[in-house]
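Student: Each step along the sequence shown adds one to the number in the numbering used here, with nothing skipped, and position 265 is 1219.
Glycine residues also receive a C-beta, built at the ideal position from the N, C-alpha and C atoms.
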Amino acid sequence: MRKLVLAGLFLVAGLAFAAEPGKILIWADDTRAPVFREIGKAYTEATGIPIEVVEIGFGQIRDQFVTAAPTGEGPDIIIGAHDWVGELAASGLLAEILLPPELAAQFDPVSLEAFVYGKLYGLPYAREGVGLLYNKKLVPELPATFEELIELARKLTDPTVPQYGFVVQNPDPYHEFPFLSALGGYIFGYDEEGKLNPCDVGLDSPGAIAGAKILQDLFAEGLIPAGLDWDTWTSLFTEGRIAMVITGPWFVGRAKAAGIDIGVGPIPPIQGKNPKPFVGVQGVMVSAFSPNLPIVFDFLFNYFATKETMLALYQKDPRIPAFLPAYEEVAEDPILRGFAESIANGVPMPNIPQMSAVWGAWYDAMALIGNLQLTPEEALKQAADNIRATLGCK
């Protein structure tokens, strides 16, 4: 209720939530706000510059920022997801961040890339994505190559039980993307300015088709059942009837609660090339309309981008730290480290709003591939053409 009240107050009496010269205003949700209040106090004690943190529901921050920022009624800093960047930067709402090279070197490069839209528009603090999670009772050691993984999966698979050596949730573009990306497939290419080009659709690129063919062969052989949804595979895994699965940290708690001894690592190389899972990143962005840019960047570079702050954020929101000194402090956890090693090979989820036009057509294509109704080339070309048409691309 408090978040809704705050949101209502902002819309009615915006000045209470507006940036002021000489004072830093931050919008954050209730998970992250306490950490920013603490580092804000330290910054104020050191500089005399006040920092106010206003709690707004995570799902409301972007929309309220879009409305407020151009009028001068918004904050200096927002906490959000990297896939907001394309829309906000293209609308001129975000300030470019000129990160000193010595500080940039302390961030995970994939996480920094997630906040790039031609230029850097955010600083990351947390990252997540999928890896290969496995039952150590059935798979004591992670296979070194995907070809070895499939040989092992054949030995462990008996659909009549049912028991499977290796599965991926399907149709599910997010979880199946590592197959398409391993051999060079992509969603959107880049233009000459380093921005994602929504008319360069790579779902029907040769690499994507080749990767989808490998996946379709697994369906055709019966190693992976088509139409394997979350409820089905999670139940099978917790019953000890799945050896390996592509999934993310969100499944770890359930697997451990079932008493399964699990390991996690990167999806092994396919034909010698690393699969590239999508990476989701969260971080801070700065309003282009802030009257306080010098002090905002001083605060971010010297108080936000520290091991202590990043570990405090990790305690509140235990995702893999994007700040490498903080990651090194928690990397002794083998599960966290396994996912980190997997997404180090990854690519950021495209951060432009045109991504919303991709999911439906892509899902349909993966269903047709899994059900053996179309070849990967036919299904992915159909999907890519539909996406281009939806986006008005010639």
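Report the residue from L1053, P975 and P1132 whose alpha carbon sits nearest the alpha carbon of L1086.
Tutor: The shortest Cα separation from L1086 among L1053, P975 and P1132 belongs to P1132.
Student: Sort out for me which residues DSSP pairs E1082 with in a bridge.
Tutor: E1082 is bridged to G1234.
Student: What is the C-beta distance between A1333 and A1319, in whole angstroms, given that I count them as a contact (C-beta under 8 Å)?
Tutor: Their Cβ separation, rounded to whole angstroms, is 4 Å, which keeps A1333 and A1319 in contact under 8 Å.
Student: Who are the Cβ neighbours of S1065 in its own chain at under 6 Å, not counting the five residues just before and after it?
Tutor: P1078, R1081, V1235 and A1276.
Student: Output yes or no for whether 8 Å exceeds the beta carbon distance between L1110 and Q1117.
Tutor: Result yes, Cβ atoms of L1110 and Q1117 sit closer than 8 Å.
Student: Measure from the alpha carbon of G1138 to the alpha carbon of each residue in E1283, E1262 and P1223, then state which is nearest.
Tutor: Of the candidates E1283, E1262 and P1223, the one whose C-alpha sits nearest the C-alpha of G1138 is P1223.
Student: Please check the pair P1179 and A973, which I expect to be a contact at CB under 8 Å, by giving their CB distance rounded to whole angstroms.
Tutor: Contact flag wrong, Cβ pair sits at about 54 Å.
Student: CB V1008 to CB L979, shorter than 8 Å?
Tutor: Result yes, Cβ atoms of V1008 and L979 sit closer than 8 Å.
Student: Tell me, to the nearest whole angstrom, how far the beta carbon of A1068 is from that of V1233; I am working on the premise that it is less than 8 Å.
Tutor: That pair is a contact at about 7 Å.
Student: Compute the beta-carbon to beta-carbon distance between F1219 and E1295, rounded to the nearest angstrom, for a pair I have assumed lies under 8 Å.
Tutor: For the sequence presented, residue 1219 should be read as Gly rather than Phe. With a Cβ gap of about 6 Å, G1219 and E1295 count as contacting.
Student: Between the region 1309-1326 and the region 1047-1063, can you find at least three pairs of beta-carbon atoms closer than 8 Å?
Tutor: With the cut-off at 8 Å, the region 1047-1063 and the region 1309-1326 do not touch.
Student: Tell me whether the beta-carbon of L1278 lies closer than 8 Å to the beta-carbon of C1153.
Tutor: Not a contact, by the Cβ cut-off of 8 Å.
Student: Provide the residue(s) that pair with L1042 in DSSP beta bridges, ordered along the chain.
Tutor: Answer is none; L1042 lacks a bridge partner.
Student: Does I1357 come out as helix, strand or coil in the three-state DSSP assignment?
Tutor: Nothing about residue 1357 can be reported from this structure: the residues present for the chain run from 955 to 1348 only.
Student: Going by other Cβ atoms of all chains shown within 10 Å of its Cβ, with 16 needed for buried, is P1272 buried or exposed?
Tutor: Classification of P1272: exposed, given that the 10 Å Cβ count is below 16.
Student: Would you mind listing the alpha helix (DSSP H) stretches within the region 1250-1321 that are 4+ residues and don't spill past its ends, in chain order?
Tutor: Listed in chain order, the complete alpha helix (DSSP H) runs (minimum 4 residues) inside the region 1250-1321 are 1261-1270, 1278-1284 and 1288-1297.
Student: Helix, strand or coil for S1159? Go by DSSP, reduced to three states.
Tutor: Three-state result, S1159: coil.
Student: Mapping the DSSP letters down to three states, classify T998 as helix, strand or coil.
Tutor: Three-state DSSP puts T998 in a helix.
Student: Mind checking whether A1166 and L1190 have CB atoms under 8 Å apart?
Tutor: Cβ atoms of A1166 and L1190: not closer than 8 Å.
Student: Just checking, does the region 1008-1022 make contact with the region 1205-1215 on the three C-beta pairs under 8 Å criterion?
Tutor: Cβ pair count under 8 Å is below three, so no.
Student: G1046 and E1147: beta carbons closer than 8 Å?
Tutor: No. Outside cutoff.
Student: Distance, Cα to Cα, V1250 vs I1031?
Tutor: About 8 Å.
Student: How would you label Y1144, buried or exposed, when you count the other beta carbons within 10 angstroms and need 16 or more for buried?
Tutor: Result: exposed.
Student: Evaluate P1113 with the Cβ neighbour count: other Cβ atoms within 10 Å of its Cβ, from every protein chain shown; 16 or more gives buried, anything less gives exposed.
Tutor: Exposed, since its Cβ has fewer than 16 Cβ neighbours within 10 Å.
Student: What residues in its chain sit with their C-beta under 6 Å from that of C1347, if we drop five residues either side in the sequence?
Tutor: Once the five neighbours on either side are set aside, the close Cβ partners of C1347 are C1153.
Student: Once you ignore the five residues that flank A1338 on each side, which residues in its own chain have a CB closer than 6 Å to its CB?
Tutor: Result list for A1338: V1155, L1157 and D1158, in chain order.
Student: Let's test the definition: count the other Cβ atoms within 10 Å of the Cβ of E1286 and tell me whether it reaches 16, buried, or not, exposed.
Tutor: When all chains shown are included, E1286 counts as exposed.
Student: How should A1098 be labelled, buried or exposed, when 16 other C-beta atoms within 10 angstroms of its C-beta is the threshold for buried?
Tutor: With fewer than 16 other Cβ atoms within 10 Å, it is exposed.
Student: To the nearest whole angstrom, what separates the beta carbons of L1182 and Q1123, a pair I think is in contact under 8 Å?
Tutor: Right, the Cβ-Cβ distance comes to about 6 Å (below 8 Å), so this counts as a contact.
Student: DSSP on K1090, reduced to helix/strand/coil?
Tutor: Correct three-state label for K1090: coil.
Student: Could you name the residues of the same chain whose beta carbon sits closer than 6 Å to that of I1033, not counting the 5 residues immediately before and after it, in chain order?
Tutor: Closer than 6 Å at the Cβ level, and outside the excluded window around I1033, lie A982, R986 and V1238.
Student: Beta strand (DSSP E) containing T1201: first to last residue?
Tutor: Counting along the chain, the beta strand (DSSP E) containing T1201 begins and ends at I1196 to T1201.
Student: Count the other C-beta atoms from every protein chain shown that fall within 10 angstroms of the C-beta of W1313, then say buried if there are 16 or more, exposed otherwise.
Tutor: Answer is exposed; the Cβ neighbour count stays below 16.
Student: State the start and end residues of the unbroken alpha helix (DSSP H) segment that holds V1206.
Tutor: That run of the alpha helix (DSSP H) goes V1206 to A1211.
Student: For Y1268 and T1188, what's the separation of their Cα atoms in angstroms?
Tutor: One C-alpha to the other measures close to 26 Å.
Student: Do I1163 and P1330 have their C-beta atoms closer together than 8 Å?
Tutor: Yes; because the gap between Cβ atoms is below 8 Å, this pair is in contact.
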